[in-house]
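Visitor:
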Amino acid sequence: MVAEQQQETIEIPLVLENVLRYCLKDAQERMEKGETVLPFSALAVKDHLLMEEHDADSVDESFASVRKTVSGATGAMAYGFCYDGFIEMPSGKKRDCIIAQGGVPGDEYGHAIGVTYSADEEGNRVFSSEPIYVGNCLNYMQGMEDLALDDSADVADAAEGATEE
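Following our numbering, the numbering of the sequence shown begins with 2 at its first residue and continues without gaps.
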């Protein structure tokens with residue numbers, strides 16, 4: 002669980018923001034089709050976005066699987082890890098939320114964003130229109146060298162050709 006934080010403007014590296022937003026969009030589309038969202042990662046490597054599911058018996062095993070994938074990602078500019086979870090609101094209430102968290106090489110910490118959702122009277126999921134900033138998180142790329150050519154790298158093109166591994 003990651004607690005929502007009320008903060009002023011947070012600057013997320015553009016390449017990371019693009020990866021995280023892609024992850025949220027992909028997970029939301031799956032849920033809208035009635036599919037189960039298994040935890041998955043997305044690695045931005047050059048002009049590709051490499052996707053991998055991290056289905057495991059426990060949350061800890063999923064996170065360990067992502068850490069292993071990210072630590073072996075030579076040349077990656079950013080990573081995202083997406084899963085269906087919940088956040089705790091400032092009021093103390095818990096809200097269902099698709100969470101995408103990730104980082105870029107060399108940054109001390111990563112960032113998590115999310116899309117909250119609830120069920121309407123018919124049981125259909127209703128998603129918030131914009132992601133919210135959930136908070137800082139561990140960055141599995143913290144100790145890696147920054148190999149990105151520039152911080153404004155656009156992963157949108159890579160997201161179009163995303164591949165499942």
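Beta carbons are placed, not taken as given, at the ideal position from N, Cα and C, and that holds for glycine. Just so you know, these numbers come straight off a predicted model, no measurement behind them.
(1) Which residues does DSSP list as the beta-bridge partners of Y23?
(2) May I have the straight-line CA-CA distance separating T10 from G136, to the nearest angstrom?
(3) In this structure, does DSSP put L15 in helix, strand or coil?
(4) On the premise that G81 lies in contact with G115, defined as a C-beta separation below 8 angstroms, what is that separation, rounded to the nearest angstrom?
(5) What is the C-beta distance between A43 and V16, in whole angstroms, given that I count them as a contact (C-beta under 8 angstroms)?
(6) For the region 82-95 against the region 31-43, are there 3 or more C-beta pairs whose distance is under 8 angstroms?
(7) When DSSP labels each residue in this structure, what does D61 get in the three-state scheme?
(8) Does DSSP classify E33 as helix, strand or coil?
(9) Given a cut-off of 7 angstroms, decide if R68 and Y141 are closer than it, judged by their beta-carbon atoms.
(10) Whole-angstrom Cβ separation of A101 and L25, contact assumed at under 8 angstroms?
(11) May I ask you to report which of helix, strand or coil DSSP gives V46?
(12) Which stretch, first to last residue, makes up the beta strand (DSSP E) that contains M78?
(13) Is T10 helix, strand or coil by DSSP?
Guide: Looking at the atomic coordinates:
(1) Residue numbering aside, residue 23 sits at position 22 when the sequence shown is read from its first letter. The partner list for Y23 (beta bridge, DSSP) is empty, contrary to what the question assumes.
(2) Taking the sequence shown and counting its residues from 1, the one referred to as residue 10 is at position 9. Taking the sequence shown and counting its residues from 1, the one referred to as residue 136 is at position 135. Looking at the two C-alpha atoms, the distance is approximately 12 angstroms.
(3) What you label residue 15 is simply residue 14 of the sequence shown in a count that begins at 1. In this structure, L15 counts as helix in the three-state DSSP scheme.
(4) Within the sequence shown, numbered from 1, the residue matching residue 115 stands at position 114. Within the sequence shown, numbered from 1, the residue matching residue 81 stands at position 80. Contact flag wrong, Cβ pair sits at about 12 angstroms.
(5) Mapped onto the sequence shown, residue 43 falls at position 42. Mapped onto the sequence shown, residue 16 falls at position 15. Not confirmed; about 11 angstroms, so no contact.
(6) yes
(7) Position 60 of the sequence shown, counting from 1, holds the residue named residue 61. It is helical.
(8) Walking along the sequence shown from the start, residue 33 turns up at place 32. Of the three classes helix, strand and coil, the one that applies to E33 here is helix, per DSSP.
(9) In the sequence shown, counting from the first residue as 1, residue 141 sits at position 140. In the sequence shown, counting from the first residue as 1, residue 68 sits at position 67. Yes, Cβ-Cβ distance for Y141 and R68 is below 7 angstroms.
(10) Translated into the one-based positions of the sequence shown, residue 101 becomes position 100. Translated into the one-based positions of the sequence shown, residue 25 becomes position 24. Rounded, the Cβ-Cβ distance is 5 angstroms, consistent with contact.
(11) By one-based count along the sequence shown, residue 46 stands at place 45. V46 carries a strand assignment under DSSP once its states are collapsed to helix, strand and coil.
(12) One-based indexing of the sequence shown puts residue 78 at position 77. 77-89 is the span of the beta strand (DSSP E), which, as asked, contains M78.
(13) For the purposes of this step, residue 10 is identified with residue 9 of the sequence shown, where counting begins at 1. Reduced to three states, the DSSP call for T10 is coil.
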